[in-house]
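Colleague:
Residue numbers (the numbering used here), protein chains in the order written: chain U, 12 to 335; chain V, 166 to 488; chain A, 207 to 705.
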C-alpha cells in the first residue's frame, strides 16, 4: 500500500514538475500559447509512443533496444504505402503498418523465448535487422502521408457546437496519444494478461510456478511494445509527411523517460502515465532552452545532463529504498 | 548429483562452454573458406594483414565491452570516447604539440570514464543508461568544441599514422600496440585480483560484497579503465583513418558489443573472456569483407549482420544449457 | 465424489527416470499416496528428490515412467497442467509475485477469495489485507499465504516442500494440524521435510529416495528414524553424535566479541552477549525475533541504531561487510545462493575473500592460493568431482564451499546463520565437527540454528532471543529441547547463568 502511494507520489510529482515547466515557458515567452503547446505535443508524440512501448516491455521484465529501428520500419512502410494513395487505401495502409508493428514486436519476443538468448542481445541483433529492413524499403527519406492522418495530430481540438476557445488549446497530438494509449493498454491492464505481464516482470520463476504461461506472456508484451513502436513510426510520418529510414534518437530517450517515469528496470513495477509525463517534462525542457535561444548543441548537452542527473538521482533513491 | 555418465553431446557442449575458442575459430575458418570460394584471388598475406589491421581497433573497443560485460555491465560510450580522443588530438596538435594534445585527449577520455564510474558505482545507475547518457552529453560537448577550433586546422601525428597504417614484415604496425595489450588483458582476467573480481561481481554481486569486495571501487576503476582503452583506440583509429571527423569511431560502437557477444562473453556477467572477443572481432571483420564482396546493399548487410549475431549467440546458449 | 473413497492410490508414480546431460538424476523413482494419508518423501541431498518433485508437479517431463493421478495417466507438461489434474504444490520458495498484491496473486492463480481468507485465518493470519504487497510480507507470512492459496483450491493431492523450514515454532504447530486435518478429510498429502519430529507427528508413511531410486516405503512408527536414516545413508549408519558439550573453559580476560544493548530496525531492540575465543555460542530464536538483524549488523550489512560492538576489547562500527571482515567477523549467510558465484569454479569461490582489497588487485600468487584452497577443500571434505562451476555441486557441498572460503582466509570469528538448513545428515555432522574443531583452535563461533536439537550437538552455550531482546543464556548441558523451547517463547525466567 505504501508503495502504491509512493509510486503515485512519483507520478504526481512529475505532473507538478511539468506544470511548473510550462509556467516557466510562459514566463520566458509571454505569448506562448496554443500554437506552442501544439508544436510541443507534435514533437513529443513519437518520443511518447516509443516510451510507452518501451515501458510495457520493461514492466514485463525485458528491454527492447530495437524500438527506434522498428519505428523507422513503420515510418517508411507507411510512407511508401500511402504515397499517392486514396484516403481509403491510406486506412488500409495504417492497419497494415500496425499489424506489421505487432508482428515485429512478436518476432522479437518469440526469438527471445525460443532461442533463450537474453533480451538485450536479441533486440540488439534485431536493431540491426530492422535498421536494414527500413533501408531496404526506402534508402532515403521519402514517400508520403495521407492528409487526414496528418490532420489527426495537427492543431487544436474542435468539437461541433462547442466554442473553439474552450477546447482549442488542447493539442490534438495529446488527445491522439491519450486515445491510442488508453484504447490499447486499458483493456490489457484490466485483463488477466495485464496481471501476467506484471507477474513475469516481477518474478518470472514464481509466475511460472503459479501457472502463468511465461513465454506467451512475454511475446504478448513485446508485441504490444511493437504496436506502440509502429504508432510512433507513423507519428513521425504524420509529423513530417515523409518516411524516415534512419532511426531517430528514440532509444535512449525512451529508456530515460521510462526510468524517470517510475518504471523499475528489471520489471514488475510502474505504470504508463509516469513515463508519458516524463517525456513531456524532457521535451518541455528542450523547448525552453530553444526559446531562451541557447545554442542547440549546448541545449543537447543540458538536456542530456538533466536526463542523466535525474536517472542518477532516481537510482540513488531506489538504492536507499532497498537498503531501508 | 548422483552419477556422471557423460553423453557425447553433453561432453561436446561442456567442452565448448569451457573453451568457446574452439567453435569460434572453426566459425572463423568456415567464413574464410566461404570467402575463398567466392573470390579465391582475395586470400593473400596482404589481405590477412589488412583484416588484422581493421580488426584491431574493433577488438580494442570490444575489450571495453568484455571487461564491463564480465561484471554484468556494458559501456556504450566507447565509440564517442574514441572519437573525442581522436578529434581533440588532431585539432590540438597544431596548437600545443603532439604530446600535450595526446595527454589532453586522454584526459577527456578519463573525464568521461570518471563520470561513468560515478554514475554506475556510486549512484548505481544501470550501465547501459549511464553510458548512453554520458555519450550523448559528450557528443554535445564535442559539437560545441568543434565550433571553436574549426579554424586551427588539423594535424595527425606521424607516430599515429605509422602505427595505424604502417607495416613491418608484412604485418601491420598496430600489432606492436595490440599484442602487449591483448596479453596483458588475457593475463589480468584470470591471474590478477582485479580480473577475478570482475568475474565475481558479474556472477553474484551480493556474494562479492559479502566476501569483503567494495564493489564501487572495482566499478569505478573498471569504467575509468574502459574509457582510457577507448581513448587509446581512438588515437590508433585516427592514425588508421587519417581524417578527424565528428563521427569517426561511432560506427564501431555496436559492433564492439557484437564482437564481445559473438566471442562468448555473457552479457549478464561472470562468463567469457578477451580471447574469445579477439576471435569475435576477426569474425565480424571477415564478415564485413564478405558482404562488401557480395555487393550487398547496406540494408541487407545490416540484416545479415544482426541475424548472424543472433544465431551464434543462440547456438552458444544452447550449448551452455546442456550442462 | 463417491462417499466411500476407493482404496486405490490417488497418486501413483512408477519407474520415473530423468537425465540431465551427463547426470542421471533419477533412475527408478516411485511414490504411491492413498486418500487420507500423509506420505513423507525423504532423501539426502543429491538423492534426486528435487528432480522427482519437479516431475510430479509438471515442471519437468520424465524420460520414462509415469505419474498417475486418480488413476488417469497424467502426462503433465506444465505446472498449470498438474494443477488441473488435482495436484497443487507449495514450494520451499513461495511462488508468489512480489510486486502484486495478495488479491492480484489470487486472481492470477484463479483462487477463490473466500476459502483463501478462511484458511489464512485458520493458519494464523486473520488480519491479512488483500491489498498488501507480497514484497512487504515476511517470509513466514509468504509461506502461510502460499499454503492458504493451495488449500483454497481444494486439491486432491497437496505437495508440501520443506514447508516449515522458515516458520516460527507456533506457526509450525498450526500448519501441522491443518495438514493432518486435510488428510483426515480424505485428501492426500506429500510431505517433504528434514525434521523427524514433524514426520513422526503427522505422516503415515515415508518413502525414501537414494541415488535416484526409491529404496524404501515404511510405515511411521516409534523408532523409525534410525531405519530412515539408514536407508538415506545407504547402510552406513552414522553413529549418533549426541555427545553433549560441557561448558568450555572461557577466556577469562577480554572476549573476542562483546555485544552490548544492540538495536536496529523494528525487530532488534536489546541484545547483549560475550563470545570468547574457543567458544561456540548458539543463538536460539523463533522466526523474526531479530536474529537476522543481529547477524546483519555484526557482518556489516546494516548499521546499528544503538548499542556497541567490541572486537578484542576495541569498539567497532561497520559500514560495509569489508569492515567487518577486516575485524575478523565473517558471515556464512542462511541462503547459500546469496554467497556463491554459481557460474564460477570452486577455486575462485574459495579464493574470493583473499583478493577483495585493492592492494591484492595485482598479480595473484597462484601457488599460495592453490595451497590455501586445497587445504580448505580437504579440511571440509568437499566433493569436487563435479569439476567446474559450483552450480554443479550438490547442496551440501555448496554449503561447505561457503564455509571453506573463510577457512582459506583464516577464521577468527565465524558467524554461521542456520548453516545446516535443508542439507543432509552426513554433511550436518561434518559441519558440527568442523565448528568444534575451529573453536578448539581458538576461533569464536556464533551459531544461529532453527533446529533446537543442534544446540547440544554443536554449541557450548546458547543465547536466546525473544522479541528483539536477549532473554536467556543456557549452558549446552541444560539445553534440552523443552528448555530451549520455553525460553524461545519467552516463558522461562533467567536461569542465572553468568555471561
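Here a beta-carbon is modelled for each residue, glycine too, at the ideal position from N, C-alpha and C.
What you are looking at is a predicted structure, and each value in this text was computed from that prediction instead of being measured.
1. State yes or no: is the beta carbon of residue 453/A nearer than 8 Å to at least one beta carbon in chain V?
2. Here's the rule: buried if 16 or more other CB atoms are within 10 angstroms of the residue's CB, otherwise exposed. What is residue 307/V?
3. What residues from chain U crowd round residue 301/A, counting only those whose CB sits closer than 7 Å?
4. According to the Cβ coordinates, are residue 367/A and residue 245/A closer than 8 Å?
5. Compute the distance between the beta-carbons of residue 381/A and residue 334/A, then report whether it is under 8 Å.
6. Using C-beta distances below 6 Å, list every residue in its chain close to residue 422/V, excluding the 5 sequence neighbours before and after it, in chain order.
7. Is the distance from the Cβ of residue 281/U to the Cβ of residue 275/U below 8 Å?
8. Inspect the beta-carbon positions of residue 57/U and residue 82/U and report whether they are closer than 8 Å.
9. So, residue 432/V versus residue 123/U, is the Cβ gap smaller than 8 Å?
10. Taking 8 Å as the cut-off, decide whether the C-beta atoms of residue 296/A and residue 352/A are in contact.
11. DSSP state of residue 453/A, grouped into three classes?
12. Please decide whether residue 283/V counts as near chain A, where near means a Cβ-Cβ distance under 8 Å.
13. Cutting at 6 Å between CB atoms, please list the residues of its own chain near residue 116/U, excluding the five before and the five after it.
14. Taking Cβ-Cβ distances shorter than 8 Å, what residues in chain V pair up with residue 312/U?
15. Which same chain residues, not among the five before or five after residue 426/V, have their C-beta less than 7 Å away from its C-beta?
16. Under 8 Å between C-beta atoms, does residue 554/A make it to chain V?
17. Tell me the DSSP bridge mates of residue 272/A?
18. Sorted by chain position, which residues of the same chain lie with C-beta nearer than 7 Å to residue 225/U's C-beta, five sequence neighbours on each side aside?
19. If contact is defined by three or more beta carbon pairs under 8 Å, each pair taking one atom from either stretch, is the segment 272-282 of chain V in contact with the segment 389-398 of chain V?
20. Using a Cβ-Cβ cutoff of less than 8 Å, which residues in the same chain neighbour residue 363/A once the five nearest sequence positions on both sides are dropped?
21. Taking any Cβ of chain V, which residues in the segment 564-580 of chain A have a Cβ under 8 Å from it, in chain order?
22. Counting only C-beta atoms, is residue 313/V closer than 8 Å to chain U at any point?
23. Looking at chain A, which residues of the segment 347-377 of chain V have a Cβ within less than 8 Å of any of its Cβ atoms?
24. Could you name the residues of chain U that residue 318/A contacts, counting a contact when the two beta carbons are closer than 7 Å?
25. Determine the direct distance from the alpha carbon of residue 562/A to that of residue 571/A, and round the result to whole angstroms.
26. At a CB distance below 9 Å, what residues from the segment 294-309 of chain U approach chain A? Give them in sequence order.
27. Compute the distance between the beta-carbons of residue 184/U and residue 52/U, then report whether it is under 8 Å.
28. Determine, using beta-carbon pairs with one atom in the segment 264-271 of chain U and one in the segment 61-81 of chain U, whether at least three such pairs fall under 8 Å.
29. CB residue 402/V to CB residue 264/V, shorter than 8 Å?
30. Give the range of the beta strand (DSSP E) segment to which residue 411/A is assigned.
31. Return yes when the Cβ of residue 693/A is within less than 8 Å of the Cβ of residue 492/A, no when it is not.
32. Using only the alpha-carbon positions, how far apart do residue 268/U and residue 513/A sit?
33. Go through its chain and collect everything with a Cβ distance to residue 199/U's Cβ below 7 Å, but skip five positions before and after it.
34. Rounding to the nearest angstrom, what Cα-Cα distance links residue 221/A and residue 424/A in this structure?
35. When we look at the beta-carbon of residue 313/V and count the other beta-carbons within 10 Å, is it buried (16 or more) or exposed?
36. Against chain V, with Cβ distances strictly below 8 Å, would residue 327/U count as a contact?
Modeller: Put simply:
1. Unreliable placement is indicated for residue 453/A, whose pLDDT of 44 sits below 50; the coordinate value is still reported in the next sentence. By this cut-off, residue 453/A is not an interface position.
2. buried
3. 217, 220 and 221
4. no
5. no
6. 230
7. yes
8. yes
9. no
10. yes
11. Because the pLDDT of residue 453/A is 44, which lies under 50, any placement of that residue in the model is unreliable, and the number read from its coordinates should be weighed accordingly. Reduced to three states, the DSSP call for residue 453/A is coil.
12. no
13. 233, 234, 236 and 237
14. 302, 305, 306 and 309
15. 432, 474 and 478
16. yes
17. 220/A
18. 211, 215, 218 and 219
19. yes
20. 216, 217, 239, 275, 292, 293, 294, 393, 394, 395 and 396
21. 564, 566, 567, 568, 569, 570 and 572
22. no
23. 356, 357, 358, 359, 361, 362, 364, 365, 368, 369, 371, 372, 373, 374, 375, 376 and 377
24. Going along chain U, no residue has its Cβ under 7 Å from residue 318/A, so there is no contact; the nearest lies around 15 Å.
25. 14 Å
26. none
27. yes
28. yes
29. no
30. 411-416
31. no
32. 44 Å
33. 205 and 235
34. 18 Å
35. exposed
36. yes
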